[in-house]
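The structure appears right after this line, and notes come after that.
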Amino acid sequence: MAIAEQLQEFCGERRRDLVRFANLQLRDEALAEDVVQETLLAALQGSDAFSGRASVKTWLYSILKHKIVDTLRSRRREVPLSGMSNADDEDEGFETLFDRRGFWATEHKPHRWADPEDSLEQQQFWQVFELCLDRLPARTARVFMMRELLGLETAEICQELAMAMTNCWVILHRARMGLRLCLEETWFTR
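Just so we're aligned, residue 84 is where the sequence shown starts under my numbering, counting upward by one.
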């Protein structure tokens, strides 16, 4: 199947996922739509360069991530940041993970995982991972995705979201802990 046909097929089935991913980062539905359109246009224009070493999905998400990073960087230069949402929602749901001394609460103590390498190779894992990411508070998920999926440096995230470096590290820690707990409950101990 030609790359143009694969792109059409993928876009028909998963375009909504691309827009959702972009909107989570950009917090602007119209801008997310524009970035996805730019991504699809870039993919069509660069289809001759597609070597097939990765899946079409991986290739498109890679282009989308670069478009999002470019957009975030250009927005930072062009538009002053306005007030951000209150960080109080970040604590939601995490206080029950630990006891009053800061140790794991017995009922939430991490379990030993099965073979994680086998799990990572399974497509179902990534579906569960996305569901777990959706369960995090929106700002926590956004910071995690900016750092781990988009590969932005912490300083860039802090500048984009107008937050202190220590707050960013705390949010990243909470995101990882929340994802770990969710994955243990829904994937690794099923």
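All residues carry an ideal CB built from backbone N, CA and C; glycine is no exception.
Residue nearest to L255 within the set V139, C241 and E267 is C241 (criterion: CA-CA distance).
Secondary structure at F181: strand, using DSSP grouped into helix, strand and coil.
Looking from the CA of M246, the closest CA among M228, R222 and T269 belongs to R222. When E239, L262 and L232 are compared, the shortest CA-CA separation from R156 is found for E239.
Uninterrupted alpha helix (DSSP H) stretches at least 4 residues long and entirely within the stretch 212 to 245 occur at 221 to 227 and 237 to 244, given in chain order.
Scanning L232, F271 and E267 for the CA closest to the CA of A105 turns up L232. Three or more beta-carbon pairs drawn from the stretch 257 to 268 and the stretch 210 to 218 are found closer than 8 Å, and the two stretches are therefore classed as touching. Distance from the CA atom of V102 to the CA atom of A113, rounded to whole angstroms, is 10 Å.
Excluding residues up to 5 positions away in sequence, Q108, L235 and I240 lie with their Cβ nearer than 7 Å to the Cβ of M229 in the same chain. Looking only at W270, N250, E268 and Q89, the smallest Cα-Cα distance to V139 is reached by Q89. Contact check for E116 against K150 fails: the beta carbons are separated by 7 Å or more.
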